[in-house]
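In this text, residue positions in the sequence shown follow this note's numbering: the first is -14, and each later residue adds one.
We treat Cβ as the ideally placed atom computed from N, Cα and C, and that holds for glycine.
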Amino acid sequence: MTNHTLRLLASLGTLAALAASAASAVTVNFNSSADTYLRGNAGNNNYGALNSLLVGNHSSVGPFTGLFRFDLSSLPTSGITIDSVTLTLFSTANGSGTSVTLSVFQLAAANANWLEGTSNDTTPGAPGAATWGNLNYNSANPGNPTPWAGSPGARTAGTDYINTSLASFTGNASTIGTGAMAFTSTGSFSSTVLGSAGGQLNLWIGIPTVVLANDFFRIASKETTGTNRDPLLSVNYTAVPEPSAFAALAGLGALGLVTLRRRRRA
């Protein structure tokens, strides 16, 4: 094998390695930038300062709707293919119910400007904070709030949240303790995340159907003390190589074949 052939093969190998590298999978993690929950029996209260959020149904004081925002401004808006998305939430203590299913939906654009708030379960919502009764409840001017697009608690499918389930989790809330809750990925979840890349992803989490039963989880918020307990969104994506990289590789390969054939004929 001549030196020219060796150099050609080395160049081909380098280009192939670059193309493979460009197409390698990357996993990025996002913690929630805002989170709270809406409580059915407390129309004007805000829970943005709590470290444990109730999500699910309750026979007398629910239902409980969880709201979570993830800042995806650093996620590329083009040139990637999202392979999978995993949402992981952490329980703070046992809840109630032996087989409780929570579903994830994307909050509608009309409700996207909700604010986490800085209140707890004993005080009305601070100005602009999200409450069961309103998207933005102003305790300083309670007669002029901004309502949810559909109904209190953001409970109207198709108006308050996009009625396509992105992921779900089923578990025994009464024995989960401080365990993790991994929500299964779907194609809809991946496409929703890609559509939110470069901006904000707002998620509605709960039980869409209101049932007079005690079925709820206690979920750690971003205010939870300790490490690695914040709501976590993991995005696995593959960068799509530039067409020029494949064109260069193909061109060099063709040139190499022509060169080898000419040398064999000589």
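- Message: Can you tell me where the beta strand (DSSP E) holding S69 begins and where it ends?
- Response: I65 to S81
- Of all the beta strand (DSSP E) runs that stay within the bounds of the stretch 147 to 186, which reach a length of 3 or more residues? 152 to 156 and 165 to 168
- Item | The beta strand (DSSP E) enclosing Y22, as first and last residue numbers | A10 to R24
- With distances taken Cα to Cα, identify the nearest neighbour of T21 among T209, S219 and V225. T209
- Task: Measure the CB-CB distance between L92 and A139 and report whether it falls below 8 Å.
- Result: yes
- Query: So the beta strand (DSSP E) L92 belongs to, where does it begin and stop?
  - Reply: L92 -> no beta strand (DSSP E), and no H or E assigned at all.
- Task: Under 6 Å Cβ to Cβ from V70, same chain only, skipping five residues before and after it: list those, please.
- Result: S170, F174, S175, V178 and V220
- If we count the other Cβ atoms within 10 Å of its Cβ and call it buried at 16 or more, is S181 buried or exposed? buried
- Message: DSSP three-state label for G51, please.
- Response: strand
- Query: By Cβ distance, which residues of its chain are closer than 6 Å to T155, with the 5 residues on each side in sequence left out?
  - Reply: T86
- Message: Taking the beta carbon of S104 as the centre, do at least 16 other beta carbons fall within 10 Å, making it buried, or is it exposed?
- Response: buried
- Query: How many Å lie between F90 and V195 at the Cα?
  - Reply: 16 Å
- Query: Since F53 contacts P193 with CB under 8 Å, what's their CB separation in whole angstroms?
  - Reply: With a Cβ gap of about 16 Å, F53 and P193 do not count as contacting.
- Query: Quick one: what's got a C-beta closer than 6 Å to L38's C-beta in the same chain, skipping five residues either side?
  - Reply: Y22, G51, I204 and S206
- How would you write the range of the beta strand (DSSP E) that T256 sits in, first residue to last? An answer regarding residue 256 cannot be provided, because it is not within the stretch -14 to 251 covered by the chain.
- Query: Grouping DSSP H, G and I as helix and E and B as strand, with all else coil, what is A114?
  - Reply: strand
- Message: Less than 6 Å between C-beta atoms, sequence neighbours within five positions excluded: which residues of the same chain meet that for V46?
- Response: N26
- Message: Would N96 and F201 be called neighbours here (beta carbons separated by less than 8 Å)?
- Response: no
- Message: Could you tell me the alpha carbon to alpha carbon distance between W117 and T163, rounded to whole angstroms?
- Response: 27 Å
- Item | Own chain, CB closer than 7 Å to T131, minus 5 neighbours either side, in chain order | N119, L120 and N121
- Item | Buried or exposed by the 16-neighbour rule on C-beta atoms within 10 Å, applied to T77 | buried
- Item | With 16 other Cβ atoms within 10 Å as the buried cut-off, status of G143 | exposed
- Which whole-angstrom value describes the C-beta separation of L218 and F49, a residue pair presumed to lie in contact below a C-beta threshold of 8 Å? About 21 Å separates the two Cβ atoms, so there is no contact after all.
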